[in-house]
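Presented below is the structure to which this report refers.
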Amino acid sequence: MKDKLIIFDTTLRDGEQSPGASMTRDEKLKLAKALEKMKVDIIEAGFPIASPGDFEAVKAVAEAVTDSTVCGLARTSDKDIDCAAEALKPARSARIHTFIATSSIHMEKKLRMTPDEVVDHAVKAVQRARRYTDNVEFSPEDAGRSEIDFLCRIIEAVIKAGARTVNIPDTVGYAIPHLFGETIRQIIERVPNSDQAVFSVHCHNDLGLAVANSLAAVLNGARQVECTINGLGERAGNAALEEIVMAVRTRQDTFPCDTTLDTTEIVHCSRLVSNITGFPVQPNKAIVGANAFAHEAGIHQDGVIKSRETYEIMRAQDVGWQTNRLVLGKHSGRNAFKTRLKELGLEFRNEEELNEGFKRFKELADKKHEIFDEDLQALIADSPRDQEQDRIRFLSMKVVSETGEVPHAIVTLAIDGEERQGSARGDGPVDAVIKAIEGLVESKSRMLLYSVNSITGGTDSQGEVTVRLDMDGQVINGRGADTDIIAASARAYINALNRAWSPKAGRAHPQQV
Ligand code: KIV
Ligand code: ZN
């Protein structure tokens, strides 16, 4: 029988460290449940000592998830380990993941510690974590640039101290596949007690090699891969879960192991991450991009019609793309609506939410006759239950755009419950609407990114707008969807402002300071 390849998802921790990708506790919970449904083995839910919000989110995930192991990150200090253990207390299966840097540059310049001190800290941290759980993981941070002799020394020591998973991170994305694979092989060969631990890798994508490096490690003995949905993560991101899992599954002729993931949940998880973070998935992204299974060239289309395998190495359905994507329409009933959402893994908490969702579905179906899964996902992502604490609500707008005239917008918002109206002129209708909103809220934010994606095909498609704002140095994303892309732009802008000013984000509205 083949070995199992353990999938350790760190979207909620490393993924969330991506600028602008911060998630609320409820968003983390929603994603954790989706990862559990996909049968991810380990969910790294956060870094509990980092902030009270992180602590609460890890605790909430530990309470809610029963089938996957829930992991919390900790540096080697006692307070980090104790804090992670406390947050993980409710978990049915918990793992503490502790780390310390081992490259010369990090030890000298960042930690200002000698190698002996680093080993001592690592061993003590593992021993302390073992007081709380048998399931302890150790990472020598920046292993990709660490001396192999020192890596072997510290790894032997932490395994002796009780670490049962040893993760080799390429923290700065410096590794090259054949060399990284060789490093993993040598470590496993040279560390005398390596048989007592599972070896793992955690690769960053600075050179676009995170997936290739992870796979090279798997071919050389690693049996856990740390990865994120859509490759979200620090800087250029982490290895993309969907690419690792499908490479291993598709090339079983080469890999001596396989995952136990339910791959049909991949597209759903990808959309959820994109909706929550506001980071769109590029159309040509492997596995989860809109074009990943689309054949444009006539010769390819002809081949696929004759025999799918001529140009397809995977089945779209196996990663969760629907063959029949038209799901509902204007005449669909409440039950069909509820059933389809359930199939997509989206459930309402109570009848009231279902009724409200169904009302919005009918409104959308009036504007757009064919409702696709993507529309339903966007509808739920914009659900008012996620907006309960929003201080700004979009009520209506009027936009005049005429050839030869300067576009003009009038926007009505509810700000802290009070109805306010503003107007502005702009370079285009979107610019006019954003300026009208800005005139009312005075956020003084700077727009770093504005992008529009059509959620489905056709000119009646909903437009999904993503904005990224810089507010006093804090990067905030917002998203909004509507059949009218000007309204979607207004919603996205307001969504970003609400995220920045939510009580959870701990920032005050500028008009209050
Ligand atoms: O990239 C890294 O080194 C990490 C560690 C904490 C595992 O994220
Ligand atoms: Zn990382």
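Residues 22 to 534, numbered by the working numbering, are exactly what the sequence shown covers, in order.
C-beta: ideal position from N, C-alpha, C; glycine also.
{"Check": "Residues sharing a beta bridge with M468, DSSP", "Outcome": "L490"}
{"Check": "Proximal residues to M134 (C-beta, below 8 Å), its chain only, five neighbours per side dropped", "Outcome": "M128, H142"}
{"Check": "Where G194 sits in the DSSP three-state scheme", "Outcome": "coil"}
{"Check": "Test item: CB-CB of E247 and S221 under 8 Å", "Outcome": "yes"}
{"Check": "P161 CB to nearest heavy atom of the ligand ZN below 7 Å", "Outcome": "no"}
{"Check": "The ligand ZN heavy atom lying under 7 Å from the CB of P136", "Outcome": "no"}
{"Check": "Residue(s) in a DSSP beta bridge with A261", "Outcome": "T249"}
{"Check": "Residues near K388 by beta carbon distance below 8 Å, same chain, minus five either side", "Outcome": "D481, T504"}
{"Check": "C-alpha gap between K29 and R329, whole angstroms", "Outcome": "The displayed chain sequence assigns Phe, not Lys, to residue 29. The straight-line gap from Cα to Cα measures roughly 32 Å."}
{"Check": "Beta carbon of I334 nearer than 8 Å to that of T271", "Outcome": "yes"}
{"Check": "In DSSP terms, what V421 is bridged to", "Outcome": "H429"}
{"Check": "Contact under 8 Å by Cβ, I70 with A106", "Outcome": "no"}
{"Check": "Heavy atom of the ligand KIV within 7 Å of F379 beta-carbon", "Outcome": "no"}
{"Check": "Distance between E286 and K54 (C-alpha atoms, nearest Å)", "Outcome": "12 Å"}
{"Check": "Exposed unless 16 or more other CB atoms sit within 10 angstroms - verdict on E162", "Outcome": "buried"}
{"Check": "Closest residue to L236 among N296, A150, T280, I169 (Cα-Cα distance)", "Outcome": "T280"}
{"Check": "Extent of the continuous alpha helix (DSSP H) run through R34", "Outcome": "Here R34 belongs to no alpha helix (DSSP H), and DSSP marks it neither H nor E."}
{"Check": "The ligand KIV heavy atom lying under 7 Å from the CB of D75", "Outcome": "no"}
{"Check": "Chain-order list of residues whose beta-carbon lies under 7 Å from that of P277 (same chain, five-residue window excluded)", "Outcome": "K23, D24"}
{"Check": "Touch test, the segment 414-422 against the segment 369-388, Cβ-Cβ under 8 Å, three pairs minimum", "Outcome": "no"}
{"Check": "Closer than 7 Å: P190 CB and nearest the ligand ZN heavy atom", "Outcome": "yes"}
{"Check": "Closer than 7 Å: H225 CB and nearest the ligand KIV heavy atom", "Outcome": "yes"}
{"Check": "Cutoff 7 Å; reference A307; Cβ partners in own chain excluding five residues on either side", "Outcome": "E264, A313"}
{"Check": "Completely contained alpha helix (DSSP H) runs for the segment 206-242, where each covers 4 or more residues", "Outcome": "231-240"}
{"Check": "Proximity below 8 Å, CB of A517 to CB of L490", "Outcome": "yes"}
{"Check": "The ligand KIV heavy atom lying under 7 Å from the CB of F415", "Outcome": "no"}
{"Check": "Continuous alpha helix (DSSP H) stretch holding E373: start and end", "Outcome": "372-388"}
{"Check": "Boundaries (first-last residue) of the beta strand (DSSP E) holding T90", "Outcome": "90-95"}
{"Check": "Backbone CA spacing between N519 and G499 [nearest angstrom]", "Outcome": "9 Å"}
{"Check": "Inter-residue CB distance, A231 and G183 (contact presumed, cutoff 8 Å)", "Outcome": "The pair is not a contact, with the Cβ atoms about 29 Å apart (cut-off 8 Å)."}
{"Check": "Residue range of the unbroken beta strand (DSSP E) whose run includes A118", "Outcome": "Before going further, note that residue 118 is His rather than Ala in the sequence given. Unbroken beta strand (DSSP E) run through H118: 115-122."}
{"Check": "Span of the beta strand (DSSP E), counted from its first residue to its last, around K452", "Outcome": "Before going further, note that residue 452 is Asp rather than Lys in the sequence given. Segment 450-462 is the alpha helix (DSSP H) holding D452; no beta strand (DSSP E) there."}
{"Check": "Buried or exposed by the 16-neighbour rule on C-beta atoms within 10 Å, applied to N214", "Outcome": "exposed"}
{"Check": "CB contact below 8 Å: K327 versus chain C", "Outcome": "As a matter of chain content, chain C is missing from the structure shown, which is built from one protein chain."}
{"Check": "Through-space distance from G478 to S72, alpha-carbon basis", "Outcome": "42 Å"}
{"Check": "Buried or exposed (CB count within 10 angstroms, at least 16 for buried), R34", "Outcome": "buried"}
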